[in-house]
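Just so you know, the protein sequences line up as chains A and B, in that order. Last residue of the first sequence: 138 in our numbering, with the numbers rising by one and none dropped. Last residue of the second sequence: 659 in our numbering, with the numbers rising by one and none dropped. Built from N, CA and C at the ideal position, the CB exists for glycine as well. Source: prediction; values computed, not measured. Presented below is the structure to which this report refers.
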Amino acid sequence: MTAGVPGFGLGGVFFIISALLAPFRELIMTARGRSSRARWTSVGGQLLIALAMISAVGAMLGLVGLVSAAEPLQGLMSFPLLPLTGTGALLVFILVVAKLVQLCSFGARRGRPANFERRGRRINFERREALGETEAS
Amino acid sequence: LTTQDSQGPPARVGLTSARASVRGDGNELTVIVPAYNEAETVGETVRSLRDQTCPPAEIIVVDDCSSDDTAAVAEAAGAMVLRPPENTGSKAGAQTFALGSVRTELVMAVDADTTLASDAIELLLESFEDPEVAAACGSVVPRRVRTVWERGRYVEYLFAFGFYKRIQEHYGKPLIASGCFSAYRTDELRAMGGWSTRTMAEDMDLTWTIYARGQRVRFIPEAVCYPIEPHNLDFLSKQLRRWSHGFVQNVRFHWRSLLDLGYLRSMVTVAFWDALCASLAYVILLPALAIAIDRGILLAYLIDAPVVTVPVVVQASRRRELRRALVSLPSFFVLRIVNSVFMLSALWRELVLRRSLLVYEKGH
């Protein structure tokens, strides 16, 4: 959770998925020569935490099933597919809606990048030019 | 006591002809410490800044018309003290008041009740070797962990800085450069008009503005600061009121620019969803279901306990504070219900009643 924002809801799921996808992103960064051992260490650490969190959920659900089911083995093996799928679908739906709003907004601007984007690119270019990096690249 | 020259800021020195990278050098850094009645803590803050492995060129304490000995304590500790002609009304206002006196390439904001680990500045300044980085922030760990509120916040920070913020850093979008300890490029900060008072969360506002300008913010987990967190419900209420209203105000203010910032857009979208739906669930839905159906439903308040525990245990182990973290864990579940109440109230007032919070109430 972000301090002050309650709950471990979709935000938690979002960051667990982000941690699971981070190694793939880092592979791309490595291919582009923009990675480092420190970055891989960080990605590995967060991946392990995410996997441990998923295991904790699995263990808890198994325990709940064990307690609530008539047949303990059946309870342990039961997997609440519907709630988990529903949560994932809700997350995807919300992110897609946000993306659609962005695309509509982008369309309204007729594909032109916003002023702040152009300004940001110019500032970054000036900095790199001051360092002589633009010539090298 | 020194007062800022009303003729405007002094000439800027130490700036290269163009914006360039800055190597980790305290000579390029000024620290601004806004203070209002902070005589008890500001001395320790200034000393911790002077004892850095990479001490700043200048420490400016803005005594925002305190009624106690804040100015004298700060000056005795070795800081330069500025005093505005009248109370600026907010932390952002006090910090921006001092910005005109900054003559270094980098500027840092540190709260008057916050101390830093001895290498915190050195670690943070390394971020600015990248010319695209406009701001950098570090980890936050409460200095005092005694009451239920401090313990709840301690767990929140272990979770947020041990898991969430590291992932945000990986994707290049830390959600907030924390206001209690962050560094900025002075020229960029001036170009943005300093710390804005248009929202109650000036740090979030500044961070999102930096992203909107196409620049980067870094999170350095090893750079640690130690603020004093609210120890009672009165102080906590003031802080949570500011934070919750500030979050909603920033979403209202920045939503158009957030749309084009992919990962940040996704983060804010799910955070907003959680702010609304988790709050409704904790404050209204679960108690209603417990009354209507079965009291056992109240166990749902703890349903994510194993998930919360994992990153907290990992981060506490890194800090060798495992026992303290485990003892503090139950307090987190109390704190988040209080968070929910304030978040729901902020959403209702800001979005439905359209009554924006405009008065900055000092907590911690």
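Rounded to whole angstroms, what's the CA-CA distance from Y452/B to D414/B? Just pull it up for me.
Numbered from 1 along the second sequence, position 157 holds the residue referred to as residue 452/B. Numbered from 1 along the second sequence, position 119 holds the residue referred to as residue 414/B. Whole-angstrom Cα-Cα distance: 20 Å.
Compile a chain-ordered list of the residues in the segment 604-616 of chain B whose CB is closer than 8 Å to at least one CB of chain A.
T604, V605, P606 and V609
For chain A, find out if any of its Cβ atoms is closer than 7 Å to the Cβ of V402/B; answer yes or no.
Here residue 402/B refers to the residue found at position 107 of the second sequence. No, no contact with chain A.
Is it the case that the Cβ atoms of M499/B and H540/B are separated by a distance below 7 Å?
Along the second sequence, one-based indexing puts residue 499/B at 204. Along the second sequence, one-based indexing puts residue 540/B at 245. Their beta carbons are not under 7 Å apart, which means M499/B does not touch H540/B by this criterion.
DSSP three-state label for I515/B, please.
Here residue 515/B refers to the residue found at position 220 of the second sequence. If DSSP states are grouped into helix, strand and coil, I515/B belongs with the strands.
Measuring CB atoms only, is the segment 551-569 of chain B touching the segment 93-111 of chain A, in the sense that at least three cross pairs come out at less than 8 Å?
yes
Cutting at 6 Å between CB atoms, please list the residues of its own chain near P256/B, excluding the five before and the five after it.
Not covered by the structure: residue 256/B. The range shown for chain B is 296 to 659.
Interface residues of chain A around T442/B at Cβ under 7 Å?
Walking along the second sequence from the start, residue 442/B turns up at place 147. Near T442/B there are no residues of chain A at all, since even the closest Cβ is about 16 Å away, more than 7 Å.
Go ahead and pull the three-state DSSP assignment for M487/B.
For the purposes of this step, residue 487/B is identified with residue 192 of the second sequence, where counting begins at 1. Three-state result, M487/B: coil.
Could you pull out every residue in the same chain whose Cβ sits closer than 8 Å to the Cβ of R513/B, ignoring the five residues on either side in sequence?
The count along the second sequence starts at 1 and reaches residue 513/B at position 218. For R513/B, where only same-chain residues beyond five positions count, the Cβ hits under 8 Å are S422, D425, V428, A430, A431, C432, E464 and P469.
Checking 7 Å against the spacing of the C-beta atoms, do A371/B and I327/B come in under that value?
Residue 371/B sits at position 76 when you count from the first residue of the second sequence. Residue 327/B sits at position 32 when you count from the first residue of the second sequence. In this structure, I327/B does not lie closer than 7 Å to A371/B by Cβ.
Which of the residues in the segment 451-477 of chain B, read from start to end, lie with their CB under 7 Å from any CB of chain A?
E451, Y452, F454, A455, F458, Y459, R461, I462, H465, Y466 and L470
Taking one C-beta from the segment 436-443 of chain B and one from the segment 517-528 of chain B each time, how about it: are there three or more such pairs within less than 8 Å?
yes
Option in G338/B, R345/B and R619/B with minimal Cα separation from A367/B
To locate residue 367/B, count along the second sequence from 1; it is residue 72. Cα-wise, what sits closest to A367/B is G338/B.
By the criterion of Cβ-Cβ separation under 8 Å, what are the contact partners of F15/A in chain B?
Stepping through the first sequence from its first residue, residue 15/A is reached at position 14. Within chain B, the residues S561, M562 and V565 have their CB atoms less than 8 Å from the CB of F15/A, given in chain order.
Chain B contact for L28/A (CB, 7 Å cutoff):
The residue given as residue 28/A occupies position 27 in the first sequence. Judged by the 7 Å Cβ criterion, L28/A is not in contact with chain B.
Need the endpoints of the beta strand (DSSP E) that F476/B sits in, please.
If you number the second sequence from 1, residue 476/B lands on position 181. F476 to R480 is the extent of the beta strand (DSSP E) around F476/B.
Taking its Cβ as the centre, do 16 or more other Cβ atoms sit within 10 Å of T348/B, making it buried, or is it exposed?
Within the second sequence, residue 348/B is the residue found at index 53, counting from 1. So T348/B counts as exposed.
To the nearest angstrom, how far is the alpha carbon of L324/B from that of V633/B?
The sequence position of residue 324/B within the second sequence is 29, counting from 1. The sequence position of residue 633/B within the second sequence is 338, counting from 1. Near 38 Å, if we compare the C-alpha coordinates of V633/B and L324/B.
Between the segment 396-407 of chain B and the segment 473-485 of chain B, are three or more C-beta pairs nearer than 8 Å?
Taking 8 Å as the limit for Cβ pairs, the verdict is that the segment 473-485 of chain B does touch the segment 396-407 of chain B.
When the Cα atoms are used, what is the spatial distance from A587/B to S19/A?
Sequence index remark: in the second sequence, residue 587/B carries index 292 (1-based). Sequence index remark: in the first sequence, residue 19/A carries index 18 (1-based). When rounded, the distance between both Cα atoms is 38 Å.
Pair within 7 Å by beta-carbon distance, G457/B and Q610/B
Translated into positions along the second sequence, residue 457/B becomes position 162. Translated into positions along the second sequence, residue 610/B becomes position 315. G457/B is a Cβ neighbour of Q610/B, given a cutoff of 7 Å.
Length-filtered (3 minimum) beta strand (DSSP E) runs lying within the segment 332-358 of chain B
353-358
Is the beta carbon of F454/B less than 7 Å from the beta carbon of V607/B?
For the purposes of this step, residue 454/B is taken as the residue at position 159 of the second sequence. For the purposes of this step, residue 607/B is taken as the residue at position 312 of the second sequence. Contact check for F454/B against V607/B passes: the beta carbons are separated by less than 7 Å.
Segments assigned alpha helix (DSSP H), at least 4 residues, entirely inside the segment 352-436 of chain B:
If we require 4 residues or more, the alpha helix (DSSP H) runs fully inside the segment 352-436 of chain B come out as 365-372, 386-394 and 415-420.
Pull up the DSSP beta-bridge partners for L324/B, would you.
Along the second sequence, read from residue 1 onward, the residue named residue 324/B stands at position 29. Beta-bridge pairing links L324/B to L401/B.
Closest to F15/A by C-alpha separation, out of Y459/B, L344/B, F548/B and M375/B, would be which residue?
As a position in the first sequence, residue 15/A is number 14, starting the count at 1. Nearest Cα to F15/A within the set Y459/B, L344/B, F548/B and M375/B: Y459/B.
Bridge-paired residues (DSSP) for C520/B
By one-based count along the second sequence, residue 520/B stands at place 225. The beta-bridge partner set that DSSP reports for C520/B consists of L411/B and V435/B.
Whole-angstrom distance between G373/B and F476/B, CA atom to CA atom:
By one-based count along the second sequence, residue 476/B stands at place 181. By one-based count along the second sequence, residue 373/B stands at place 78. Going by the C-alpha atoms only, they are around 19 Å apart.
T88/A versus L344/B - alpha carbon distance
Working through the first sequence from its first residue, we reach residue 88/A at position 87. Working through the second sequence from its first residue, we reach residue 344/B at position 49. Straight across, the Cα-Cα distance linking T88/A with L344/B is about 46 Å.
Tell me whether the segment 637-645 of chain B and the segment 540-555 of chain B touch, counting them as touching only if at least three CB pairs, one residue from each stretch, are closer than 8 Å.
yes
Proximity below 7 Å, CB of G384/B to CB of Y577/B
Start at 1 with the first residue of the second sequence, and residue 384/B comes out as number 89. Start at 1 with the first residue of the second sequence, and residue 577/B comes out as number 282. No, the Cβ-Cβ distance between G384/B and Y577/B is not below 7 Å.
Supposed contact pair V450/B and S623/B - C-beta distance, whole angstroms, cut 8 Å:
Here the question's residue 623/B lines up with position 328 in the second sequence. Here the question's residue 450/B lines up with position 155 in the second sequence. 5 Å between Cβ atoms; contact.
What are the residues in the segment 56-71 of chain A lying within 8 Å of chain B by C-beta distance?
A57, V58, A60 and M61
Can you give me the C-alpha to C-alpha distance between L11/A and I598/B, rounded to a whole angstrom?
In the first sequence, counting from the first residue as 1, residue 11/A sits at position 10. In the second sequence, counting from the first residue as 1, residue 598/B sits at position 303. Going from the Cα of L11/A to the Cα of I598/B covers about 14 Å.
With 16 other Cβ atoms within 10 Å as the buried cut-off, status of E497/B:
By 1-based counting over the second sequence, the position of residue 497/B is 202. Burial call: buried.
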